[in-house]
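The next block holds one structure in the form of structure tokens; read it before the comments.
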Amino acid sequence: MGPSPYPAQADSSRERTMKALILFWLCVSLFPGFSQGRVVGEDEAGFAECNVFFPGQVPPEGFTEPFHVKICQQYNREPRFATLYSTKDKIPLYSAFKYTKAAQNEEESWLVEPQVDDPDNDQQEMVLEADLVGTVANLGVNQALTSDYVGSGYERGLLNPSLLNEEDFQTATYTLTNAVPLSPSLSKTWHRDVGRVVEQALAPHCPSKDHLYLLAGAIPSSVRVKGKVSVPEVLWLAACCDTAEGWSLGLVKKTSDENSLADLTVGELEEQLLAGVELFKGSCGGDSKTKEKVEAILQAVSQIRAGGQVGTNDSQESKESGLVRKVAGIIATPFIKLLELLIYLLVELVKFTFYFLWLVIKRVGSTILDGASSLWGGVVSYLQAISMVLISIPYDLGRVVANISLGFLEIVQDVAFLTYRILRIPVGFVLHLAAFPYHSICAIPSVLKDLAAGIGGTFSLAVDATATLLHGFYYVASHIAKRFVPKVSSGD
Numbered sequence: 001m002g003p004s005p006y007p008a009q010a011d012s013s014r015e016r017t018m019k020a021l022i023l024f025w026l027c028v029s030l031f032p033g034f035s036q037g038r039v040v041g042e043d044e045a046g047f048a049e050c051n052v053f054f055p056g057q058v059p060p061e062g063f064t065e066p067f068h069v070k071i072c073q074q075y076n077r078e079p080r081f082a083t084l085y086s087t088k089d090k091i092p093l094y095s096a097f098k099y100t101k102a103a104q105n106e107e108e109s110w111l112v113e114p115q116v117d118d119p120d121n122d123q124q125e126m127v128l129e130a131d132l133v134g135t136v137a138n139l140g141v142n143q144a145l146t147s148d149y150v151g152s153g154y155e156r157g158l159l160n161p162s163l164l165n166e167e168d169f170q171t172a173t174y175t176l177t178n179a180v181p182l183s184p185s186l187s188k189t190w191h192r193d194v195g196r197v198v199e200q201a202l203a204p205h206c207p208s209k210d211h212l213y214l215l216a217g218a219i220p221s222s223v224r225v226k227g228k229v230s231v232p233e234v235l236w237l238a239a240c241c242d243t244a245e246g247w248s249l250g251l252v253k254k255t256s257d258e259n260s261l262a263d264l265t266v267g268e269l270e271e272q273l274l275a276g277v278e279l280f281k282g283s284c285g286g287d288s289k290t291k292e293k294v295e296a297i298l299q300a301v302s303q304i305r306a307g308g309q310v311g312t313n314d315s316q317e318s319k320e321s322g323l324v325r326k327v328a329g330i331i332a333t334p335f336i337k338l339l340e341l342l343i344y345l346l347v348e349l350v351k352f353t354f355y356f357l358w359l360v361i362k363r364v365g366s367t368i369l370d371g372a373s374s375l376w377g378g379v380v381s382y383l384q385a386i387s388m389v390l391i392s393i394p395y396d397l398g399r400v401v402a403n404i405s406l407g408f409l410e411i412v413q414d415v416a417f418l419t420y421r422i423l424r425i426p427v428g429f430v431l432h433l434a435a436f437p438y439h440s441i442c443a444i445p446s447v448l449k450d451l452a453a454g455i456g457g458t459f460s461l462a463v464d465a466t467a468t469l470l471h472g473f474y475y476v477a478s479h480i481a482k483r484f485v486p487k488v489s490s491g492d
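One point on numbering: in full-length UniProt numbering, the residue at position 202 of the sequence shown is 202, and numbering is uninterrupted.
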């Protein structure tokens with residue numbers, strides 16, 4: 001193969017990739033709480049370590065399509081919630097979580113999951129989309145990216161709302177595998193309604209937050225953003241209070257009507273989903289003992305639906321508390337922004353320093369490696385040439401000795417053959433001449449024997465011929481006599 005036709009482009013691409021890797025590892029080192037999302041293997045039970053977000057650690061059943069991917073969403077090496085993601089529709093079908101505590105919204109930092117697009121990728125963590133360019137195969141084939149939402153008129157609506165979580169749990173929600181396309185107004189009303197329902201209607205009627213299990217999901221439609229990401233037809237929420245006197249409840253919001261919020265049983269909700277779906281293993285309440293609690297919850301939901309506030313006795317206190325929080329937020333905002341600017345400048349400075357050091361190390365290392373490579377190549381070539389010369393000396397010497405020996409043997413062979421041809425003529429003549437009297441004298445008995453045999457044979461032939469002739473005459477005479485002489489009768 002010849003040299004690359006675009007060496008400058010190749011070097012530039014390698015530098016960009018190396019820069020992205022340096023930035024990624026720098027971010028990991030500076031922010032150890034980087035969000036992790038592990039794609040659960042087919043050989044693992046349920047959602048692996050994220051099974052804790054389901055009652056009895058049993059995930060919903062009935063979601064069995066091959067394009068359904070189970071993700072255990074993690075942060076700071078701890079599971080935060082679980083997500084079933086559809087690589088066909090590029091949206092999550094549901095996210096399972098527990099209500100921790102209502103918190104203020106923090107700055108969004110959106111991440112993507114490398115293993116959804118590349119199952120063989122070694123990065124078992126969620127990272128910024130820009131840091132994955134050129135490092136993940138088929139990025140964006142099986143999941144939505146930030147670029148799919150830009151200019152589309154849709155927002156990234158969280159199924160597991162960030163406002164129902166705090167600290168690390170809240171940070172972990174900002175992943176595109178937990179987001180569906182929603183209009184800005186629908187996204188606002190959905191998170192507002194879900195937040196109020198969980199805080200004011202569900203959590204107060206469950207003895208412990210650890211026993212309140214929540215499933216927030218979406219039903220995909222045929223409408224797609226940029227022909228890729230499915231816009232949900234329905235948003236839904238299922239809750240289960242897994243206690244001795246537990247209960248379950250379902251809520252549905254149609255995306256065509258952002259003000260709609262219908263309550264229904266979990267069984268009725270399951271009928272609107274895929275056939276054979278079972279959200280919560282077992283009844284999770286639903287008997288006569290829990291009807292009073294369910295009615296109280298539905299009454300609270302009705303007040304929320306009507307735009308009221310549950311628990312108005314503390315409204316003044318909440319207003320005052322809200323005013324204090326607002327004033328504190330106004331005072332603290334400049335300092336927070338200044339701190340963010342300082343952190344940003346520090347990160348950029350560290351990034352520039354690392355990048356500069358990397359370039360210096362790369363140049364020096366490249367020069368040293370090139371020099372060492374050239375020196376090593378020269379030494380190897382010199383040793384090869386010397387080795388070939390040393391090996392050829394005994395070979396050439398042996399070949400000369402062999403040629404001399406073969407030439408000498410050919411001379412000896414030619415001399416012996418010539419001598420044989422010269423001596424062959426007189427020796428043969430003398431031998432034949434000496435052997436002539438012997439052969440002549442020895443032939444006399446054979447000749448006399450042959451003569452005697454010839455004479456005897458001739459005499460014997462004459463006797464045989466005479467006997468045969470006489471026998472013939474006798475035979476003819478006897479035949480004539482029998483033919484012509486009359487037979488003498490026995491009476492005469």
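Beta carbons are placed, not taken as given, at the ideal position from N, Cα and C, and that holds for glycine.
- Straight across, the Cα-Cα distance linking PRO79 with GLY365 is about 42 angstroms.
- By the C-beta density criterion, GLU270 is buried, having at least 16 other C-beta atoms within 10 angstroms.
- A contact between stretches requires three or more CB pairs, one per stretch, nearer than 8 angstroms, and the region 46 to 56 meets this requirement with the region 80 to 98.
- As a beta-bridge residue in DSSP terms, LYS70 pairs with LEU84.
- In the three-state scheme derived from DSSP, where H, G and I count as helix and E and B as strand, LYS337 is classed as helix.
- For LYS188, the uninterrupted alpha helix (DSSP H) run begins and ends at 184 to 196, by DSSP.
- Under the three-state reduction of DSSP output, SER460 falls in the helix class.
- For VAL252, the uninterrupted beta strand (DSSP E) run begins and ends at 247 to 254, by DSSP.
- Counting only residues of its own chain and dropping the five nearest sequence neighbours on each side, ILE297 has a CB closer than 8 angstroms to the CB of ALA201, LEU202, HIS205, TRP247, LEU249.
- The C-alpha of LEU346 lies about 24 angstroms from the C-alpha of LYS362.
- By the CB criterion at 8 angstroms, VAL58 and VAL39 fall outside the cutoff.
- Around the CB of ALA82, 16 or more other CB atoms lie within 10 Å, so the residue is classed as buried.
- Taking all protein chains in view, the Cβ of LYS101 is surrounded by fewer than 16 other Cβ atoms within 10 Å, so the residue is classified as exposed.
- Taking all protein chains shown into account, TRP190 has 16 or more neighbouring C-beta atoms within 10 Å of its C-beta and is therefore buried.
- In the three-state reduction of the DSSP assignment, LEU375 falls in the helix class, which pools H, G and I.
- The C-beta distance from THR177 to PRO232 rounds to 15 angstroms, too long to fall under 8 angstroms, and the pair is not in contact.
- Under the three-state reduction of DSSP output, ALA477 falls in the helix class.
- Shown here, ASP89 sits in coil according to DSSP, grouped into three states, outside any helix or strand.
- Contact annotation: VAL277 and PHE47 have beta-carbon atoms that are not nearer than 8 angstroms.
- By the 16-neighbour rule on beta-carbons within 10 angstroms, LYS88 is exposed.
- As DSSP reads the structure, CYS241 sits in a beta bridge with LEU212, TRP247.
- Among the bridge pairs identified by DSSP, PHE354 is matched with none.
- In this model, ALA216 and GLY153 are separated by some 23 angstroms (Cα to Cα).
- In this structure, VAL197 and LEU251 form a Cβ contact; the two beta carbons are roughly 6 angstroms apart against a cut-off of 8 angstroms.
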